[in-house]
Amino acid sequence: MYIENKDGEAILNIRVIPNAPFNCIKEISGDRLKIKIKAVPEDNRANMELINYLAETFNTKKNNIEIIKGLKSREKTIKIKGVNYNIILQKIKEALL
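Right, dumping it as structure tokens:
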């Protein structure tokens, strides 16, 4: 599953598609959520853009979002604190419509 609720925090497994024309949640693919990001994967730009996009999408502060695995990979594991798990699921479903 691309999302799990662990100790009151949401854990997202994602695959980042950098250098896209715009930021968006593209689709659920297997056990990963595919997210398109405008930034190029150089000098940590794509990671920072991803954190900004997720913070905006889930209406939380950037410091509540942490890349816990995959800093230099397209496949990442993200921890989101301070946002209800069900709200995250709802926002993802809305983005996929």
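For the record, in the sequence shown the residue sitting at position 94 is 94 according to the working numbering, with numbers rising by one throughout.
Just so you know, even glycine gets a beta-carbon here, dropped at the ideal spot from N, CA and C.
Legend entry - Closer than 8 Å to chain D by CB, ASP7: Here there is only one protein chain, and chain D is not present.
Legend entry - Nearest-angstrom Cβ-Cβ length linking LEU97 and ILE25, presumed shorter than 8 Å: The count along the sequence shown starts at 1 and reaches residue 97 at position 97. The count along the sequence shown starts at 1 and reaches residue 25 at position 25. In fact, because the Cβ distance is near 10 Å, the residues do not count as touching under 8 Å.
Inset, instruction - Per DSSP, which residues does LEU33 bridge with? Please list them. - result: Along the sequence shown, one-based indexing puts residue 33 at 33. DSSP lists ILE14 and ILE28 as partners of LEU33.
Inset, instruction - Would you mind sorting ASN84 into buried or exposed? The rule is 16 or more other CB atoms within 10 Å of its CB. - result: Position 84 of the sequence shown, counted from the first residue, corresponds to residue 84. Per the 10 Å Cβ criterion, exposed.
Legend entry - Length of the line joining the Cα atoms of ASN44 and ILE35: In the sequence shown, counting from the first residue as 1, residue 44 sits at position 44. In the sequence shown, counting from the first residue as 1, residue 35 sits at position 35. Near 16 Å, if we compare the C-alpha coordinates of ILE35 and ASN44.
Legend entry - From LEU33, GLU66 and LYS93, residue whose alpha carbon lies closest to that of ALA1: Indexing the sequence shown from 1 puts residue 1 at position 1. The question names Ala, yet the displayed sequence has Met at residue 1. Considering only alpha carbons, the answer is LEU33.
Legend entry - LYS91 - DSSP class collapsed to helix/strand/coil: The residue you call residue 91 lines up with position 91 of the sequence shown. The answer is helix: DSSP assigns LYS91 an H, G or I state.
Legend entry - Assigned exposure category for VAL40 - 16 Cβ within 10 Å defines buried: The sequence position of residue 40 within the sequence shown is 40, counting from 1. Exposed, since its Cβ has fewer than 16 Cβ neighbours within 10 Å.
Inset, instruction - Grab the span of the alpha helix (DSSP H) containing GLU56 for me, first residue to last. - result: As a position in the sequence shown, residue 56 is number 56, starting the count at 1. Element bounds for GLU56: 45-57.
Inset, instruction - Could you name the residues that DSSP lists as bridge partners for ILE60? - result: Position 60 of the sequence shown, counted from the start, is the residue given in the question as residue 60. Per the sequence shown, residue 60 should be read as Thr rather than Ile. THR60 pairs with nothing; no bridge assigned.
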